[in-house]
Every structure is written in C-alpha cells, then in structure tokens.
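This report refers to the structure that appears directly beneath it.
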Amino acid sequence: MAAEGKAIDALSQFELAPFLGPIGESVRFSQANAHMLLAVGLITALMIWGTARRAIVPGRMQALAEGAYEFVHDLVVGQVGEEGKRFFPFVFSLFMFVLFGNLLGLLPYAFTFTSHIAITFALAALVFILVTVVAIAIHGWKFLGYFLPEGAPKVLAPLIVLIEIISYLSRPISLAVRLFANMVAGHVMLKVFATFAVMMGSAGLVGLFGAVLPIALNVAMVGFEILVAFLQAYVFAILTCIYIHDAVHLH
Amino acid sequence: MVDERDGGGFAERLRDARARRGLDKPAGTAAKDAPPSGAWGIGFRAGVEVVAALVVGIAVGLLLDRWLGTFPWLFLMFFFAGAAAGILNVFRLFNPRSGRRG
Numbered sequence: 000m001a002a003e004g005k006a007i008d009a010l011s012q013f014e015l016a017p018f019l020g021p022i023g024e025s026v027r028f029s030q031a032n033a034h035m036l037l038a039v040g041l042i043t044a045l046m047i048w049g050t051a052r053r054a055i056v057p058g059r060m061q062a063l064a065e066g067a068y069e070f071v072h073d074l075v076v077g078q079v080g081e082e083g084k085r086f087f088p089f090v091f092s093l094f095m096f097v098l099f100g101n102l103l104g105l106l107p108y109a110f111t112f113t114s115h116i117a118i119t120f121a122l123a124a125l126v127f128i129l130v131t132v133v134a135i136a137i138h139g140w141k142f143l144g145y146f147l148p149e150g151a152p153k154v155l156a157p158l159i160v161l162i163e164i165i166s167y168l169s170r171p172i173s174l175a176v177r178l179f180a181n182m183v184a185g186h187v188m189l190k191v192f193a194t195f196a197v198m199m200g201s202a203g204l205v206g207l208f209g210a211v212l213p214i215a216l217n218v219a220m221v222g223f224e225i226l227v228a229f230l231q232a233y234v235f236a237i238l239t240c241i242y243i244h245d246a247v248h249l250h
Numbered sequence: 000m001v002d003e004r005d006g007g008g009f010a011e012r013l014r015d016a017r018a019r020r021g022l023d024k025p026a027g028t029a030a031k032d033a034p035p036s037g038a039w040g041i042g043f044r045a046g047v048e049v050v051a052a053l054v055v056g057i058a059v060g061l062l063l064d065r066w067l068g069t070f071p072w073l074f075l076m077f078f079f080a081g082a083a084a085g086i087l088n089v090f091r092l093f094n095p096r097s098g099r100r101g
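Residue numbers (numbering that gives the first Met the number 0), protein chains in the order written: chain A, 0 to 250; chain B, 0 to 101.
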C-alpha cells in the first residue's frame with residue numbers, strides 16, 4: 000500500500016478509523032475501542048473456559064490460565080509481599096490487558112491499541128492514582144515523609160523535596176512512554192522493512208532476489224516483537240508492583 | 000533422646016533439602032530482582048526516565064510561571080530540578096529504594 004508513491008508510509012497504521020463505517024462514526028467508536036473490547040473478551044474467555052473444568056491434570060487451556068495466574072501471583076507476592084495479594088486482581092488485569100493488546104497488534108490487519116499514548120498514559124495514570132491513594136490511606140500524613148529521606152541534611156531539605164516530587168510525578172510518564180515507544184518503534188520497523196521488500200520486488204528479477212533480505216529480517220523482527228510484547232507487559236506489571244511496594248511500605 | 004535427635008535431624012535435613020531445591024524462597028531477596036533486559040533495554044529505560052523527569056520539571060516550571068507571572072526564573076529552576084530528578088531516577092534504576100533500607 001505504501002510503495003506506490005515511492006515513499007515509506009510507516010505511520011498510517013496508527014491512524015484511528017471508525018469501526019464498521021457509519022455505525023462507529025455516529026457513536027465515535029474506533030477500531031482501537033473494538034480491539035480493547037476484543038482483548039477483554041479474549042481474556043475473560045480464557046479465564047472462564049480455562050477454569051471451567053478444574054481438572055487435576057490440566058488441559059491446554061487450563062494450563063495456560065493457571066500459568067498466567069501463577070506468573071502474576073508470584074510476581075505480586077515476590078515484589079510486594081504477602082500483604083500485596085490485595086492488589087493481585089488489579090495487577091493481573093493490567094498485565095493481561097497490556098499483553099493481549101501487544102500480541103493482538105502483531106496479527107495481520109489488527110490494530111495495536113498499546114501504541115497510542117492516550118491509552119498507555121490512561122493506564123499509567125490509573126496506576127499512579129491507585130498508588131497515591133493507597134499510600135495516603137495506609138499512612139495518612141506520614142506519606143509526605145516519603146519525599147524527605149531520613150538522614151538527609153536539613154539545609155538541603157527544600158531541594159531534596161522538590162527533586163523527589165518531580166521524580167514521583169515522572170513515574171506515570173516514564174511508564175506510559177516506555178510501553179508506547181516500544182510498540183511504535185517495533186511496528187514502524189516492521190512496516191519499513193516490509194515496504195523495502197515491496198519496493199525491491201517491483202524492480203524486476205534482480206529485485207526479487209534482493210527482496211529476500213528484508214523479508215528474512217522481518218521474519219526475525221516478528222519473533223523479536225513477540226518477545227517485546229511479553230517483556231513490555233511484564234515490565235509494566237513489575238513496575239506497578241514496585242510502586243505498590245513503595246506505597247505499602249513507604250521507604 | 001534418640002527420637003529427639005532424629006526429629007531435629009530430620010527437620011534440619013528437610014530444610015536443607017528444600018533449600019537446595021529452591022523450594023523455600025529466602026525471605027527478602029525476591030524484591031531485588033529487576034526486570035531482565037539486555038543493554039538496549041537498560042539504556043532505553045534510563046533514557047526514558049531522564050526525559051520523563053525533564054518533561055515534568057519543565058511543565059511544572061512553565062505552569063507556575065504562567066500562574067505567578069515570573070517567566071524565566073521558575074522555569075529555569077524547575078528545569079535543573081527536573082534534570083536532577085532524572086539522574087535520581089536513573090540512580091534508582093540500579094539501586095532500588097526498597098532494597099537500600101530495610
């Protein structure tokens with residue numbers, strides 16, 4: 000689609016379009032919303048279907064559901080401690096939503112909703128607000144002591160508090176930008192190499208041989224993108240756990 | 000006497016065996032393992048942390064300036080505070096706060 004104009008058009012894949020034509024247009028429902036609903040539906044189906052039979056020797060779906068559950072459970076308990084189990088449903092939903100968003104985006108014709116900073120920042124803001132509310136609910140006014148590490152010289156207190164507050168406020172931004180930038184970079188690279196292949200292939204017999212190289216690179220890239228999809232969902236979840244740990248233990 | 004020694008020995012042997020197998024996680028060490036990633040991952044994370052802190056510092060400075068009408072000064076101050084916070088973030092990346100004290 001991009002090779003006609005002799006220009007590499009790698010960004011149009013991130014454009015929002017109304018879902019189902021005029022129906023989506025009238026209620027402002029884009030394909031990003033549709034993919035989010037699809038991800039939530041798939042996660043729900045996986046967990047309901049996977050836990051329906053409760054066999055002692057798990058089948059495929061049950062093993063997948065239990066594996067995902069135990070992975071996030073160990074993550075939360077390992078990072079936050081036993082009292083962090085209260086936050087397990089939140090971290091599990093977040094992890095599965097990001098993971099399915101990343102993986103769905105790798106399918107042909109699919110849309111990667113985690114490549115939109117509006118969505119990643121909404122998730123990061125949710126984490127930020129939750130962590131702040133939890134810290135205030137547990138520790139009350141002592142929460143403000145978080146911004147002044149004990150043992151710091153009193154003369155430097157205003158400076159340290161200022162820097163700590165900025166550092167605290169920068170958390171949701173780095174959380175959002177990391178996921179968003181990783182997904183955008185991966186999909187842009189895939190599209191650029193695919194466009195190389197199409198351009199070379201249209202240049203006759205020699206070009207067809209030349210096109211093998213970008214295609215081979217793209218095959219490797221898709222494998223790498225699957226790794227990145229898992230890794231970024233994991234990083235998102237583990238950073239959420241670290242922030243919850245800071246909020247619960249406050250030091 | 001014999002029973003007691005056997006009982007203590009068994010509990011000890013069981014504990015040793017479980018530790019060898021890694022079934023009992025030693026308490027307190029689990030919180031330290033950071034997300035695994037290669038040199039690219041670490042470099043990218045450090046870059047994002049610095050930029051995020053700088054963006055927050057600049058935004059807060061500009062907003063306060065617009066509110067108080069002191070254009071360059073608070074912006075400049077928060078710019079440098081943001082840079083310091085960015086360096087603090089990168090420092091925290093390698094020395095997590097939770098692992099340092101208790």
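Ideal Cβ placement from N, Cα and C applies to all residues, glycine included.
Since the model is a prediction, treat every value here as computed from it, not as a measurement.
- Contact with chain B is absent for ILE116/A, since none of that chain's Cβ atoms lies less than 7 angstroms from the residue's Cβ.
- In this structure SER114/A touches VAL183/A by the C-beta definition: roughly 5 angstroms separates them, less than 8 angstroms.
- A straight-line Cα-Cα distance of about 21 angstroms links ARG44/B and VAL130/A.
- Relative to the Cα of LEU63/B, the nearest Cα in the group VAL54/B, PHE74/B, VAL49/B and GLU48/B belongs to PHE74/B.
- Cβ proximity to chain B below 9 angstroms picks out LEU158, LEU161, ILE162, GLU163, ILE164, ILE165, SER166, TYR167, LEU168, SER169, ARG170, PRO171, ILE172, SER173, LEU174 and ALA175 from the region 154 to 175 of chain A.
- Here the alpha carbons of ALA51/A and ASN217/A stand approximately 39 angstroms from one another.
- Only residues of its own chain outside the window of five on either side were considered, and among them ALA232 have a CB closer than 6 angstroms to the CB of LEU98/A, listed in chain order.
- For THR194/A, the enclosing alpha helix (DSSP H) stretches over residues 156 to 200.
- Listed in chain order, the positions of the region 36 to 59 of chain B with a beta carbon within less than 8 angstroms of a beta carbon of chain A are SER36, GLY40, PHE43, ARG44, VAL47, GLU48, VAL50, ALA51, ALA52, VAL54, VAL55, GLY56 and VAL59.
- Burial state of GLY37/B is exposed, judged by a 10 Å Cβ sphere holding fewer than 16 other Cβ atoms.
- Judged by their CB atoms, SER169/A and ALA51/B are nearer to each other than the 7 angstroms cut-off.
- Assigned with DSSP and collapsed to three states, PRO88/A falls in helix.
- Under the Cβ criterion (8 angstroms, minimum of three pairs), the region 119 to 133 of chain A counts as touching the region 235 to 243 of chain A.
- Counted as a single uninterrupted DSSP element, the alpha helix (DSSP H) harbouring TYR68/A occupies residues 59 to 79.
- In the three-state reduction of the DSSP assignment, PRO107/A falls in the coil class.
- In the three-state reduction of the DSSP assignment, PRO17/A falls in the strand class.
- In this chain, LEU143/A is not harboured by any alpha helix (DSSP H), its DSSP state being neither H nor E.
- Across the structure, PHE79/B and ILE86/B are spaced so that their CA atoms are roughly 11 angstroms apart.
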